[in-house]
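Trainee: Numbering of the sequence shown is given in the working numbering, commencing with residue 408 and proceeding in unit increments. Mind having a look at this structure? Questions to follow.
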Amino acid sequence: MGLEDYENLIRRMDEMEKLYANRYKGFSLELPPALTSVVFEYWPEMAENPAKYKPLLFKLGEKYIGEIWEEYNNCDSLNRSGGPMADLYPVDTIDKLKPKYDKRCQELKSTYPAAGDEFWDEIIREDYEREKKDLQFKLAVHETMKGVFNAHYIDDVMEFESHILRYFERGMYLMCALRYVDEVYSLD
408 MGLEDYENLI RRMDEMEKLY ANRYKGFSLE LPPALTSVVF EYWPEMAENP
458 AKYKPLLFKL GEKYIGEIWE EYNNCDSLNR SGGPMADLYP VDTIDKLKPK
508 YDKRCQELKS TYPAAGDEFW DEIIREDYER EKKDLQFKLA VHETMKGVFN
558 AHYIDDVMEF ESHILRYFER GMYLMCALRY VDEVYSLD
């Protein structure tokens, strides 16, 4: 590599850093309000009195941003050199949830027959509805994150330094989680 090639590489790095800074700014500003709107859509009572629900909003943000961030970065099906955000995998879908609960119900009925079928049907139904809502919310949060992330994804960076992009992506999620927390605490 000659001196001219090296200077071109340095120039390219400076250009990419500026592009990163602009993309990151847009991403980190767009994601927290988008996530808050998902929360408010699923729990309208929070939108009516957000200050009252600050601790719960904080926990939701911490839980879902953290889980999705980890699943995205540890996803076996993901190209390890980075790339646009993949669909969440592996994750239960609503279709897989019902058979899982039906099987669980049968196991409980056969293990504890004295409790009665109606008792177990009601318990399992309540658990199923709770987990179904949780899963629907998690998928909605993921779709929101994916939409914002992919809108700001820089494809040509992959040819430049893929391992830097991976760390940058992880940093973006962490910073967005922190910004989300800041937003929750300023909901007065």
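Glycine included, each C-beta is placed from N, C-alpha and C at the ideal position. Model, not experiment: these values are computed from the prediction.
Cβ atoms of GLU437 and VAL555: under 8 Å apart, would you say?
Mentor: The answer is yes: Cβ separation under 8 Å.
Trainee: Using CA coordinates, which residue listed in GLU529, LYS466 and LYS540 is at the minimum distance from ILE501?
Mentor: When each option's Cα is compared against that of ILE501, the closest is LYS540.
Trainee: Looking only at its own chain, which residues have a Cβ that is under 6 Å from the Cβ of TYR460, when we skip the five neighbours before and after it?
Mentor: Result list for TYR460: MET453, in chain order.
Trainee: GLU525 to ASN557, Cα distance in whole Å?
Mentor: When rounded, the distance between both Cα atoms is 47 Å.
Trainee: Buried or exposed: PRO439, going by 16 or more other Cβ atoms within 10 Å of its Cβ?
Mentor: By the 10 Å Cβ count, PRO439 comes out buried.
Trainee: Cutting at 8 Å between CB atoms, please list the residues of its own chain near LEU504, excluding the five before and the five after it.
Mentor: TYR535, GLU538, LYS539 and LEU542.
Trainee: Compute the Euclidean distance between the alpha carbons of LEU546 and LYS516, then round it to the nearest angstrom.
Mentor: Rounded to whole angstroms, LEU546 to LYS516 spans 31 Å at the Cα level.
Trainee: Excluding the five sequence neighbours on either side, which residues of its own chain have a C-beta within less than 7 Å of the C-beta of CYS512, listed in chain order?
Mentor: Within the same chain, CYS512 has close Cβ partners TRP527, ASP528 and ILE531.
Trainee: At what residue ranges does the segment 518–548 contain a whole run of the beta strand (DSSP E), taking only runs of 3 or more?
Mentor: For the segment 518–548, not a single whole beta strand (DSSP E) run of length 3 or above is found.
Trainee: Locate the alpha helix (DSSP H) running through PRO451, then write down its first and last residues.
Mentor: Element bounds for PRO451: 451–455.
Trainee: Counting C-beta neighbours from all protein chains within 10 Å, is the total for THR551 16 or more, i.e. buried, or is it exposed?
Mentor: It is buried - the Cβ of THR551 has at least 16 other Cβ atoms within 10 Å.
Trainee: Count the other CB atoms within 10 Å of the CB of LEU464; is the residue buried (16 or more) or exposed (fewer)?
Mentor: By the neighbour-count rule (16 or more Cβ atoms within 10 Å), LEU464 is buried.
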